[in-house]
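Structure, as C-alpha cells:
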Amino acid sequence: MAIGSSFIDEIKSKVNIVDVIGREVPLKQSGSNFKGLCPFHNEKTPSFMVNEQKQIFNCFGCGEKGDVIHFVQRFNNMEFMEACEKLADEYNIEIPKHGTRRKEDLSRYYEINSTAARFFFDNLTKHANPGYTYIRKRGISDETIKRFGLGYSPNSWNSLYKFLQDMGVSDEDMLKLGLVTQGKKGIYDKFRGRLMFPIFNTQGKVIGFGGRAIGDEMPKYLNSSESEVFLKKITFML
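Residue numbering for the sequence shown follows UniProt numbering, starting at 1 and increasing by one per position.
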C-alpha cells in the first residue's frame, strides 16, 4: 500500500539516525562520522559508519547501507510500512489513516501464524507422531521443544487448513501467509509430515516456518514463502 511522501519526509526530518542506531549499536565518534561494529554481519574491526549530517549509514564490510527507516526495517526484520509506524510511534508523529489499517492487517497475520504454531506444537506434543519419535532419538528434550516452539505438521491433505477455517481464518489470509497452497483439486496444506520450526522476528512474533522432512521426502527443507511479515532476504533462517 502506498504511503504519502510527506509522512516519510516528516519521519526523516524529526528522527536522528544516530540516536536510533545508537540504541542498538555502541557508536564512537570518528571525525564527522560515528563508527561501530556492524549488526548485520560478524566482524571484529568496526566498519559500520553513521553520518549524522547526511542521516545515512554505510557498512564497508558487508555493503549494507541506507537511511533510518531502512535500518529499522533491516534490524527488526520489518516491512517498510511497519518500520515507519514504529518510528512514528516513538517520535509522536501522526500516522496516516491507511497506515493504521495496515498495522491492523499485520497484527492479524502475526496472530494467524501464532495460531498455526500452536497447532503444530500441539500435534507434536499431544499425539503420537513420527516427528516426536524423530527428535527424541536425536536427544532433543521436551524442555527444548517447548523453548523453541517446535511442532509437527500432520501428514494429511488439509488438517491445518480445516483447523484454521474453524478458527475463522479466511482462505485469502492463509494463502497470503503461505500456510496453504491452491491446487487444481482445491486448497491443501503446504507443510505435511514435517518437523516444524517457527521463525520469529526480533519482537518475538511468528513470521514464518521452516519444515524439515523426517524421511526421504524432497525437498528436505521447506520454508514459508515470502509474505508481508516474512522477508527471506533479511531473515536469519533456522
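The beta-carbon is built from N, C-alpha and C at its ideal position, and this holds for glycine as well. What you are looking at is a predicted structure, and each value in this text was computed from that prediction instead of being measured.
Any 3 or more C-beta pairs closer than 8 angstroms across the segment 155-170 and the segment 72-90: Cβ pair count under 8 angstroms is below three, so no.
Any idea what DSSP makes of Tyr134, helix, strand or coil? helix
Same chain, Cβ closer than 7 angstroms to Ala88, neighbours up to 5 away in sequence not counted: Ile11 and Ile95
Along the alpha helix (DSSP H) that carries Lys176, what are the first and last residues, could you check? Asp171 to Lys176
According to the Cβ coordinates, are Gly178 and Ser107 closer than 8 angstroms? no
Limits of the unbroken alpha helix (DSSP H) element including Ile145: Ile145 -> alpha helix (DSSP H) spans Asp142 to Phe148.
Residues of its chain near Asn76, where Cβ-Cβ distance is below 6 angstroms and the 5 sequence neighbours each way are ignored: Contacts found: Thr202.
Go ahead and pull the three-state DSSP assignment for Thr181. strand
Assess, as a yes-or-no matter, whether the segment 142-153 is touched by the segment 189-203 under the definition of 3 or more beta carbon pairs within less than 8 angstroms. yes
Identify which residue in Val68, Phe48, Gly204 and Thr125 has its Cα closest to the Cα of Thr144. The option with the nearest alpha carbon to Thr144 is Thr125.
Closest by C-alpha distance to residue 245, when choosing among Val15, Gly183 and Ile140: This structure cannot speak to residue 245, because the chain is shown only from 1 to 238.
Does the beta carbon of Glu24 sit closer than 8 angstroms to a beta carbon anywhere in chain B? Within the model displayed, chain B is absent; a lone protein chain is all it includes.
Can Phe163 and Phe191 be called in contact, C-beta distance under 8 angstroms? It is not a contact, given that the beta carbons lie outside the stated cut-off.
Would a C-beta distance cut-off of 8 angstroms place Ala40 and Arg74 closer than the cut-off? Checking the sequence, you will find Phe at residue 40 rather than Ala. Yes, they are a contact pair.
CB Val25 to CB Leu37, shorter than 8 angstroms? yes
Does DSSP put Asp67 in a helix, a strand or coil? coil
Contacts around Asp105, its chain only, beta-carbon distance under 8 angstroms, and the 5 residues preceding and following it disregarded: Taken in chain order, the residues that qualify are Glu228.
Counting only the same chain and skipping the five closest in sequence on each side, list residues whose C-beta sits under 8 angstroms from that of Val18. Leu27, Phe34, Val50 and Glu52
For Asp189 and Arg138, what's the separation of their Cα atoms in angstroms? 27 angstroms
Taking the alpha-carbon positions, what's the Asn92 to Ile8 distance? 14 angstroms
Taking Cβ positions, are Ile112 and Asp173 nearer each other than 8 angstroms? yes
Please classify Ser6: is it buried, with 16 or more other beta-carbons within 10 angstroms of its beta-carbon, or exposed? exposed
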